[in-house]
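Residue numbers for the sequence shown follow this note's numbering, so the first one is 1382 and each next one is one higher. Beta carbons are placed, not taken as given, at the ideal position from N, Cα and C, and that holds for glycine. Nothing here was measured: the structure is a model prediction, and the numbers come from that model. Below: one structure, written as structure tokens.
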Amino acid sequence: MIQTTSKACVEIDKKFFSEHESIITIKGFKRAYGVNLIHDNLLIPDFLDGLIYEINLSDFNCRKLTLKDKKLREQKKLEKIKKEIKNHNENIIQPHDVYVSQNDKIYITDLGLGKDQGKGKILVFDSEYNLLDTIGTEIHDNLGLLAPVMIYEKKNFFYITEYGSNKILRFDEKFSFLDWIGTEDEKFSKINNNSWNKTKKFIDIDLLIPHAIKIDLNGLIYIADSGNHRILRYDSNGNYLGWIGKNDENEINNTWNDKKKSMPGIEPGAFKNPLDLFILKDSLLISEVRNN
């Protein structure tokens, strides 16, 4: 059950340049990554606080949304939580991303214990913040998702990015696990009884702390391969169509060339830990965490 606190909880800084141009800065988070919109409300998860902020865009009133048992979050760094958390699947430990579907269902990714420790999950709410479902706790032989950072839906497929495993998992509309994107790396052998069956691999690619995955109207798949500082592209069947970013010869690769290795950069066309993607007609908008 969601609990709310409706006191002023963020700082609003408004700068108006003209009647039609303004910049509104919302401050007061410890560490917020994801953001989404439902009706006139912004939903912003702060994974250090374990809270979801709801901010009304008409009057900027703010509410803090949280699931019960704050004590569990305060203990998340302790070893004993691995035993206690088995009976606490309804708690938000470290929220990271929020996704709102076309039917106004709200999906919140919870990192769980972080990295490859498991207990990550997806919490599903209706537009009134009633908890409808908890997804991912049974994967990897009940270890749970490994630090799920982002969730995305397209054509009855759900994509969940596991930051902790360097993989992206794909589910059907009923959240039955279908296949995955990634490769057999150190994490593959480290996690016993994992769900990354080799026969279920959709795309074989060596990802490093991946984040967003988005699909355009033509079915092309784009992946923000954050740790490798590049954006990958595939067709709808998973065939590789190259990457963009900066290569290891200090050249900007903006033609989806698949040669040479990628590297970070601050120049236009280069990336340093790209996180999120937004497809706008024929354009690809990309946010980064290191280039500000």
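Query                                                                                                                                                            : Result
Where do the ends of the beta strand (DSSP E) carrying PHE1583 lie?                                                                                              : 1582-1585
Applying the criterion that 16 or more other CB atoms from any shown protein chain within 10 Å of the CB defines a buried residue, is GLN1483 buried or exposed? : exposed
In whole angstroms, give me the CA-to-CA distance for LYS1332 and ILE1503.                                                                                       : This structure cannot speak to residue 1332, because the chain is shown only from 1382 to 1673.
Would you call the CB atoms of PHE1506 and ILE1532 closer than 7 angstroms?                                                                                      : no
Near LEU1588, what residues of its chain come up, given a Cβ to Cβ distance below 6 angstroms and the 5 sequence neighbours on each side ignored?                : ASN1547, GLY1563 and ASP1606
Could you give the distance in angstroms between the alpha-carbon of PHE1569 and the alpha-carbon of GLY1495?                                                    : 17 angstroms
What ranges does the beta strand (DSSP E) occupy inside the region 1576-1620, keeping only unbroken runs of at least 3 residues that lie completely in it?       : 1582-1585, 1594-1596, 1602-1606 and 1611-1615
Rounded to whole angstroms, what's the CA-CA distance from ILE1441 to VAL1479? Just pull it up for me.                                                           : The residue you asked about is not Ile; residue 1441 is Phe in the sequence shown. C-alpha separation (whole angstroms): 19 angstroms.
Do you know whose CA, among LYS1582, ASP1427 and SER1439, lies nearest LEU1446's CA?                                                                             : ASP1427
In chain order, what residues of the same chain lie with their CB nearer than 8 angstroms to the CB of ASP1597, ignoring the 5 residues before and after it?     : TYR1603 and ILE1660
Out of LEU1432, LEU1423 and LEU1613, state which residue places its alpha-carbon closest to the alpha-carbon of LEU1658.                                         : LEU1613
Have a look at the DSSP bridge pairing and note the partners of SER1643.                                                                                         : ASN1628
I'd like the span of the alpha helix (DSSP H) that includes ASP1522, first residue to last.                                                                      : 1520-1523
Can you tell which of LEU1513, SER1508, GLY1501 and SER1439 has the C-alpha that lies nearest to the C-alpha of ILE1520?                                         : GLY1501
Would the beta-carbon of GLY1499 fall within 7 angstroms of that of ILE1474?                                                                                     : no
Where does LYS1445 fall in DSSP's three states?                                                                                                                  : strand
Can you name the start and end residues of the beta strand (DSSP E) that PHE1659 belongs to?                                                                     : 1655-1661
Taking the alpha-carbon positions, what's the LYS1535 to ILE1541 distance?                                                                                       : 12 angstroms
Since LEU1676 and HIS1592 should fall inside the 8 angstroms C-beta cutoff, what is the C-beta to C-beta distance between them, to a whole number of angstroms?  : With the chain running from 1382 to 1673 in the structure shown, residue 1676 is simply not present.
On the criterion of 16 or more Cβ atoms from any shown chain inside 10 Å, does HIS1477 qualify as buried, or is it exposed?                                      : buried
DSSP three-state label for LYS1457, please.                                                                                                                      : Only weak support exists for where LYS1457 lies, its pLDDT of 46 falling under 50; the value from the coordinates is given anyway. In the structure shown, LYS1457 sits in coil (DSSP, three-state: anything other than H, G, I, E or B).
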